[in-house]
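Chains as they are written, first to last, in this note's numbering: chain A, 108 to 433; chain B, 108 to 433.
Here it is in structure tokens:
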């Protein structure tokens, strides 16, 4: 993973610089400071890195690629600002969310203007790529909105199921990573089949990432992830573990899970009981296997690509995910 | 205004059809029905008409123009959905707003997806026009967000002033009409100076429209406008009338206005007292003059254009505004 580590460190600095620079496109906007705050909240910058690595895997990085990469990161950040409103999240990455800091109305506007800013960065792409980039972008945004809407209805519906969940995370998390991969491949001048493969790569790591996220909610380092363990259970989220348990465990074990999810407030003892069911019932292992499976699919998407630093970095990115180093 | 009436009737049908057609771009989106609902709420379709007339004033309408027109109307509708959340508006054009009908979270997503849908329609424009159209669009969205943010802070700030108000409405209402005019001129193949003039035309009718709106709040037909007279006073909105009163009336009269605006709940008697101050103090007349002034500026923007049905229709559109037939 030498290439991944080296390249991602190098490009992250570049991405941060370009994010800050993009604020100039907002002129004297009263929302500029808040958007700068969103950028300063940090993040792993997985999506723009994916765009850049994808471009390098099909050809080479160029001016268009970094514009596209910054655009996709801004787009992702816009979705986070609006998601945080919808999810009533007080913090993200240990920092106060925009709607808590500045109010819901400002947060809605911050998200809206970030979306326009993302398109603004995309508009800097050269003529050869502009239309295709725009298509990928539009598709990505539409799907992300669908994913969030499905997430909303999943949480309210009694009839939630694993296929519905996978569809939801494919859209909510997969779609933007797919867009990031495709965008990089298009801007790097790749042929159509490579664009599709790098899109699938993004989708597969996206699904892996989301299932891992559900697993880390229970098994992760609370301090490192900035949220208490078992938060999904406390919030009665119908995540991968919950739906897998309902799908594969016996009535008694399902009863423990369902009992907790029917409570108004879930106690620590109940969270622990559900956790034990997930652990001892093989649900956590199953999630781990699923993460490995989607990661393997992502790696398979890269097989036909000739050796390059970009390909190496993409492999590194996918692997770092399962090794939880990222 | 023959051309305006005839052409606007003709094109409105076309616009409605194209709005409905655009829903197909959403595939099986769970938000599709809500977006269809937003379209069905109706409206005067001023912005897409402006785009089409502007194109006809510089050359002629073509396939790109209708795509651009529909895109700008969808964009406008997206801003209304989010504005209604921010303004806590229960109804719009006599119909239940999206966030009341389907919840705030859905309404946020509906707006977000409509924005992507607007860009999707814009993307159908041919290669010659795509980049410029995209620029105009991005600029429009950024300014509208600024305008809404300024409106928010204006309502909270003690130091609100007429220049701040005009800046706010220029952005909140003027910017999208400016974008509509520019977009039509670009898509119709007009030269740069005509693009600018039609942008200014849009801006000027936008400002006129907004000041008229403030005036009609007090003087309009409550049934026709679907809201009670003096709603702005009840909601203590710092509109044109309020700021003009503060700027130009004596202490006693200003005192009546300020007293009402300091109340938690403004009674009907207090609304009537403020209305009398506005009427007798020449504030309503002043608003009327301002509307005429901006309309005259809009008409002046058209002076150098050669005679055409498009130019006639634009003149008709501007005039219909002050004659309150629109």
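Heads up, the beta-carbon is just placed ideally off N, CA and C, and yes, glycines get one too.
Asked	Found
Could you tell me which chain A residues have their CB closer than 7 Å to the CB of residue 245/B, listed as they occur along the chain?	223, 226, 227, 230
Alpha carbon to alpha carbon, how far is residue 348/B from residue 338/B? Give it in angstroms, no decimals.	13 Å
Measuring only between beta-carbons, confirm whether residue 131/A sits less than 8 Å from chain B.	no
Just by C-beta distance, which residues in the segment 180-212 of chain A are closer than 7 Å to chain B?	189, 192, 193, 212
DSSP state of residue 200/B, grouped into three classes?	coil
Given that residue 259/A touches chain B, what residues does it touch there, using C-beta distances under 9 Å?	137, 210, 212, 213, 216
Which residues in chain B sit within 8 Å of residue 265/A, going by Cβ to Cβ distance?	Per Cβ cutoff of 8 Å: no residues; residue 265/A is ~17 Å from chain B at best.
Rounded to whole angstroms, what's the CA-CA distance from residue 401/A to residue 278/A? Just pull it up for me.	15 Å
Within 8 Å (strictly less), CB to CB, does residue 249/A reach chain B?	yes
Note down, in chain order, all residues in the segment 287-316 of chain B with a beta-carbon under 7 Å from any beta-carbon belonging to chain A.	none
Which residues in the same chain have their Cβ closer than 6 Å to the Cβ of residue 294/A, if we skip the five residues on either side of it in sequence?	162, 171, 172, 175, 236
Take the Cβ of residue 131/A as the centre, count every other Cβ of all protein chains shown within 10 Å, and call the residue buried at 16 or more, exposed below.	exposed
For residue 408/A, which residues in the same chain have their Cβ closer than 6 Å to its Cβ, ignoring the five residues on either side in sequence?	304, 307, 308
Is the segment 213-227 of chain A in contact with the segment 181-199 of chain A, if contact means three or more CB pairs nearer than 8 Å?	yes
In chain order, what residues of the same chain have a beta carbon less than 7 Å from the beta carbon of residue 202/B, not counting five sequence neighbours either side?	148
So with CB distances below 7 Å, who are the chain E contacts of residue 255/B?	The structure shown has no chain E; the protein chains it does contain are A and B.
With DSSP collapsed to three states, give me the class of residue 433/A.	With a pLDDT of 37 at residue 433/A, under the threshold of 50, the modelled position of this residue cannot be trusted, and the question is left open.
Taking residue 296/B as the reference, which of 389/B, 168/B, 263/B, 246/B has the closest Cα?	168/B
At what residue ranges does the segment 271-351 of chain B contain a whole run of the alpha helix (DSSP H), taking only runs of 4 or more?	282-294, 299-326, 329-332, 338-341
Is it buried or exposed for residue 134/A, if we count other Cβ within 10 angstroms and need 16 for buried?	exposed
Using a 10 Å radius around the Cβ and a threshold of 16 neighbouring Cβ atoms, would you call residue 411/B buried or exposed?	exposed
Please check if any C-beta of chain A sits within less than 8 Å of the C-beta of residue 434/B.	It is not possible to answer for residue 434/B, since the shown part of chain B is limited to 108 through 433.
Identify the continuous alpha helix (DSSP H) that holds residue 375/B and give its terminal residues.	375-387
Less than 8 Å between the C-beta atoms of residue 351/B and residue 393/B, yes or no?	yes
For the candidate residues 290/B, 378/B, 342/B, whose alpha-carbon lies nearest to that of residue 166/B?	290/B
Is residue 359/B helix, strand or coil when you go by DSSP?	helix
If you run the structure through DSSP and keep just helix, strand and coil, what is residue 407/B?	helix
In angstroms with no decimal places, state the Cα-to-Cα distance between residue 102/A and residue 180/B.	The question about residue 102/A has no answer here: the residues shown for chain A are numbered 108 through 433.
Quick test of your reading: residue 122/A and residue 155/A, contact by CB under 8 Å. State the CB separation rounded to the nearest angstrom.	5 Å
At what residues does the alpha helix (DSSP H) containing residue 178/A begin and finish?	170-193
Over the uninterrupted alpha helix (DSSP H) stretch that includes residue 148/B, give me the two end residues.	Premise fails: residue 148/B is in no alpha helix (DSSP H) and is neither H nor E.
Compare the C-beta of residue 238/B against all C-beta atoms of chain A and say whether one is closer than 8 Å.	yes
Among 391/A, 300/A, 196/A, whose alpha-carbon lies nearest the alpha-carbon of residue 324/A?	391/A
If you run the structure through DSSP and keep just helix, strand and coil, what is residue 269/B?	helix
Please go through the segment 237-266 of chain B and give each complete alpha helix (DSSP H) segment of 4 or more residues, from N-terminal end onward.	none
Distance check for residue 151/B and residue 340/B, CA to CA, integer angstroms please.	25 Å
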